[in-house]
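Yeah, the sequence shown ends on 257 if you go by my numbering, and it's all consecutive. The beta-carbon is built from N, C-alpha and C at its ideal position, and this holds for glycine as well. Only a predicted model underlies this, so the values are computations on that prediction, with no experimental measurement involved.
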Amino acid sequence: MAGPIAHILLAMAVLQILPDKNQDEFLLGTSFPDIRYLKVISREQTHNNSVTWRDIINEPSSFKAGMLLHALVDRERQLYMAKHEVYDFIPKTRYCSHALKLFEDKLLYEKISDYNVTWQQVTNCFNNICPEEETFNIKKRHLWLWHTFLKLYCRYPGTMRFMNRFAGSIPLIHSAASTEIMQLMLQFQKNEKLKTVIVDFYQYFKEKIKQHYGIAITCNIAALQPTGS
Numbered sequence: 029m030a031g032p033i034a035h036i037l038l039a040m041a042v043l044q045i046l047p048d049k050n051q052d053e054f055l056l057g058t059s060f061p062d063i064r065y066l067k068v069i070s071r072e073q074t075h076n077n078s079v080t081w082r083d084i085i086n087e088p089s090s091f092k093a094g095m096l097l098h099a100l101v102d103r104e105r106q107l108y109m110a111k112h113e114v115y116d117f118i119p120k121t122r123y124c125s126h127a128l129k130l131f132e133d134k135l136l137y138e139k140i141s142d143y144n145v146t147w148q149q150v151t152n153c154f155n156n157i158c159p160e161e162e163t164f165n166i167k168k169r170h171l172w173l174w175h176t177f178l179k180l181y182c183r184y185p186g187t188m189r190f191m192n193r194f195a196g197s198i199p200l201i202h203s204a205a206s207t208e209i210m211q212l213m214l215q216f217q218k219n220e221k222l223k224t225v226i227v228d229f230y231q232y233f234k235e236k237i238k239q240h241y242g243i244a245i246t247c248n249i250a251a252l253q254p255t256g257s
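1) Taking buried to mean at least 16 other C-beta atoms within 10 Å of its own C-beta, is Thr58 buried or exposed?
2) How many whole angstroms separate the CB atoms of Ile33 and Leu136, which I take to be in contact at a CB cut-off of 8 Å?
3) Does the stretch 207-217 touch the stretch 75-86, meaning 3 or more C-beta pairs lie closer than 8 Å?
4) Taking the alpha carbon of Leu56 as the point to measure from, which residue in Leu37, Lys236 and Asp228 has its own alpha carbon closest?
5) Going by the CB atoms, is the gap between Phe54 and Ser90 shorter than 7 Å?
6) Let's see if you can read the secondary structure: which residues bound the alpha helix (DSSP H) around Pro32?
7) Roughly how many angstroms lie between the CA atoms of Asn219 and Pro159, to the nearest whole one?
8) Nearest-angstrom Cα distance between Leu128 and Arg105?
9) How far does the alpha helix (DSSP H) with Asp83 in it extend, from its first residue to its last?
10) Do you know how far the Cα of Arg64 is from the Cα of Ser70?
11) Where Lys234 and His170 are concerned, what is the direct C-alpha to C-alpha distance, given to the nearest angstrom?
12) State the start and end residues of the unbroken alpha helix (DSSP H) segment that holds Thr176.
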């Protein structure tokens, strides 16, 4: 499972070939599924494990398309990390997967420049709640907490300042977890093999997006054909 930064970066890449999608709603959708960390919804309700590229392209709702992309990124990342045996050369601890996501996000953070925007511009989408978020029967205060979490996370990814800000508000973030995660991230920083795999996955997924560009064009043309033609 990828972290918020990686999800947003890859969503920005997809938006380059799907200009019909509403950017803010798409980014909200791709950032929404992990609200489960607040323990207000199950993973099964937000992650479609059988999602395909065509599902994303054909989904008329930008928010739902973003959600579908989130599930696809998680699945592809898990397969890629397993193929490259990442978990065989990092410490096997309780919070290693969480530390890996935060480290990955910190490593990829500057890639936002690939899209000629700033994180400040991107995170403006979290200033509003999308009506489709409310269809999951999650309390509005939890939706706002998640938006605030994401907005600050994108400003201070993987830092103690960020961890301390949300200690107690989000079950995963408490002193013991934060300390272990920060220690693991320091170890990861020295692991060149790990850093290579992380950056390679980002490039690999961007290439997959390019491969499906033809599908996006085909689907868009098909949508314009008159009924019965």
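Once the coordinates are examined:
1) buried
2) 6 Å
3) Contact fails: fewer than three Cβ-Cβ distances are below 8 Å.
4) Leu37
5) yes
6) Pro32 to Leu43
7) So the two alpha carbons sit approximately 43 Å from each other.
8) 12 Å
9) Counting along the chain, the alpha helix (DSSP H) containing Asp83 begins and ends at Trp81 to Asn86.
10) Going from the Cα of Ser70 to the Cα of Arg64 covers about 6 Å.
11) 32 Å
12) Counting along the chain, the alpha helix (DSSP H) containing Thr176 begins and ends at Lys168 to Tyr181.
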